[in-house]
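Structure record follows, encoded as structure tokens.
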Amino acid sequence: MNVSLASVGEAIWVLGIVAWYVIRYSFERRAKRARIVKDKNSLLDKVGLASALFGLAIFPVFYVISGIPEAADFPVHLWTVILGGGIFLSALVLFRITHKSLGKNWSITLQIREQHCLVRTGPYALVRHPMYTSFLLMVSGQFFLLANWFVGLLGLLGFAILFFLRVDKEEEMMLDKFGQQYRSYMGTSKRIIPFVY
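110 is the number of the first residue of the sequence shown in the working numbering; add one for each residue after it.
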């Protein structure tokens with residue numbers, strides 16, 4: 110493995126994770142000001158969040174610090190670092206735009222806030238769950254930046270567990286809250302990949 114390029118990829122990934130946290134923290138503080146009127150937080154929701162945290166942050170940090178599992182490394186090239194950095198940057202941009210579009214409607218868990226409204230603008234005009242789209246982009250960027258099959262697949266698994274444990278419950282909550290308005294929205298939008306799924 111080319112150590113200098115690998116180090117650049119790892120540094121970009123670390124900066125990306127820090128930027129992700131800064132974006133999340135500022136919006137989390139603002140969202141807490143709006144009163145919660147419905148909370149469907151559950152053990153499965155916590156399992157999904159923990160899986161994503163482990164696959165997208167905790168284990169990759171362990172890998173960056175230790176290099177374990179080195180046997181799963183693949184060759185780093187300039188193009189993989191550039192591609193990974195570009196994908197990760199696009200994930201951060203979408204992540205921020207998604208938070209901004211949601212405003213005080215946003216919540217880290219399955220919650221409906223006071224004066225919750227259905228957002229169909231910005232990235233929500235294309236997909237119903239663009240935050241998950243940003244996580245999928247993060248996973249893809251992580252794969253190229255950290256150049257390790259195990260870390261990449263673990264990130265994908267963490268994302269998949271979170272997504273499949275939560276997305277149906279989120280849509281059920283939106284249907285309960287917005288009824289036919291949300292059902293109509295479901296008919297004109299995809300879940301996380303525009304025009305595909």
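For every residue, glycine included, the Cβ atom is placed at its ideal position computed from N, Cα and C.
Given the structure is predicted, the values throughout are model-derived calculations rather than measurements.
query: For H238 versus V276, is the C-beta spacing smaller than 8 Å?
result: Cβ atoms of H238 and V276: closer than 8 Å.
ask   = Looking at the structure shown, is I221 part of a helix, part of a strand, or coil, going by DSSP?
value = Strand.
Next on the checklist: Which residue wins for smallest C-alpha separation from N257, given the options P232, N214, V170, T297?
Outcome noted: Minimum Cα-Cα distance from N257 among the listed residues P232, N214, V170, T297 corresponds to V170.
Could you tell me if S135 is buried or exposed, where buried requires 16 or more neighbouring beta carbons within 10 angstroms of its beta carbon? By the Cβ-count criterion, S135 is exposed, with fewer than 16 other Cβ atoms from all chains shown falling within 10 Å of its own Cβ.
Worksheet entry | DSSP bridge partner residues for D182 (one or two, in chain order) | Paired residue(s): N257.
**Request:** Please confirm if the segment 233-248 is in contact with the segment 175-190, defined as three or more CB-CB distances below 8 Å between the two stretches.
**Result:** Counting Cβ pairs under 8 Å, fewer than three are found: no touch.
| CB-CB under 7 Å to L192, same chain, minus the five flanking residues each way: which ones, in chain order? | Here the set comprises F253.
Exercise. Please report the residue range of the alpha helix (DSSP H) in which I191 lies.
Key: For I191, the enclosing alpha helix (DSSP H) stretches over residues 187-211.
TODO: Using alpha carbons as the reference points, say which of I270, M295, A269, S116 lies closest to E281.
DONE: Closest by C-alpha distance to E281, out of I270, M295, A269, S116, is M295.
Helix, strand or coil for V307? Go by DSSP, reduced to three states. Within the shown structure, residues of the chain are numbered from 110 to 306, placing residue 307 beyond reach of any answer.
### Rounded straight-line distance, which links the Cα of F287 to that of T189
Computed Cα separation, rounded: 43 Å.
If you measure between the beta carbons of L246 and S199, is that distance less than 8 Å?
Yes, Cβ-Cβ distance for L246 and S199 is below 8 Å.
**Asked** Is the beta carbon of G164 sitting closer than 8 Å to the one on G250?
**Response** No, the pair does not count as a contact, with Cβ atoms beyond the cut-off.
CA-CA distance, V260 and M283?
Between V260 and M283, the C-alpha separation is close to 34 Å.
Nearest to Q218 by alpha carbon, out of E137, L265, V185? Before going further, note that residue 218 is Thr rather than Gln in the sequence given. Looking at the Cα atoms, E137 is the closest of the given residues.
The ligand NAP and N257: does any heavy atom of the ligand fall closer than 7 Å to the residue's C-beta? Here there are no bound small molecules, and the ligand NAP is not part of this structure.
Mark I196 as exposed unless 16 or more other C-beta atoms lie within 10 angstroms of its C-beta, in which case mark it buried. Answer is buried; the Cβ neighbour count reaches 16.
Practice task
Taking only the alpha-carbon atoms, compute the straight-line gap between G194 and F204 and give it to the nearest angstrom.
Solution key: Going by C-alpha positions, G194 is about 15 Å away from F204.
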